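Peer 1:
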Amino acid sequence: MLIKKKDCHFCKKQARYIDYKDPILSNFMTEKGKIQSPKVTGVCSLHQRMLARAIKRARSLALLPYVVK
């Protein structure tokens with residue numbers, strides 16, 4: 001059985017930078033507020049690091065919650 005690799009959302013858009021103000025960041029978080037793994041989201045390793053940095057930056061500026069109740 002062959003597993004098809006998911007295409008990176010940001011590679012398709014040829015994104016060079018992921019902005020911490022981007023509302024799409026919440027799509028890459030779990031219901032409890034954790035950052036999802038690249039296996040689940042299909043994001044490449046380069047963009048996963050950028051995504052994690054942007055989410056952490058947005059959390060520190062109170063744009064995203066640390067924990068969702």
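Residue numbers (the UniProt record's numbering): 1 to 69.
From the three backbone atoms N, C-alpha and C, an ideal C-beta is built for every residue, glycine too.
In this text the structure is predicted, and so the values were computed from the model without any measurement.
(1) Measuring straight from C-alpha to C-alpha, what distance separates LYS6 and GLY42?
(2) Going by beta carbon distance, what residues of the same chain come within less than 7 Å of ALA59, once the five residues before and after it are set aside?
(3) In the DSSP assignment, what are the bridge partners of MET29?
(4) Keeping to the same chain, check which residues put their C-beta closer than 8 Å to that of LEU63; ignore five residues upstream and five downstream.
(5) Once DSSP output is grouped into helix, strand and coil, what is the label at ARG16?
(6) So, using beta-carbon positions, are ILE24 and MET50 closer together than 7 Å?
(7) Do you know offhand how far LYS39's Cα is from ARG57's?
Peer 2: With the given structure in hand:
(1) Sequence index remark: in the sequence shown, residue 6 carries index 6 (1-based). Sequence index remark: in the sequence shown, residue 42 carries index 42 (1-based). Using only the alpha carbons, I get a separation of about 5 Å.
(2) Counting from one through the sequence shown, the residue named residue 59 turns up at place 59. With the sequence shown as reference, residue 59 is identified as Arg, and Ala is not the correct amino acid for it. Short of 7 Å from the beta carbon of ARG59, and not among the five residues preceding or following it, lie these beta carbons of its own chain, in chain order: TYR66.
(3) As a position in the sequence shown, residue 29 is number 29, starting the count at 1. According to DSSP, MET29 bridges with ILE35.
(4) Sequence index remark: in the sequence shown, residue 63 carries index 63 (1-based). Non-local beta-carbon contacts of LEU63 in its own chain, meaning distances under 8 Å to residues more than five positions away in sequence, involve TYR20, LYS21 in chain order.
(5) Walking along the sequence shown from the start, residue 16 turns up at place 16. For ARG16, the secondary structure class from DSSP, reduced to helix, strand or coil, is coil.
(6) For the purposes of this step, residue 24 is taken as the residue at position 24 of the sequence shown. For the purposes of this step, residue 50 is taken as the residue at position 50 of the sequence shown. It is not a contact, given that the beta carbons lie outside the stated cut-off.
(7) To locate residue 39, count along the sequence shown from 1; it is residue 39. To locate residue 57, count along the sequence shown from 1; it is residue 57. Near 22 Å, if we compare the C-alpha coordinates of ARG57 and LYS39.
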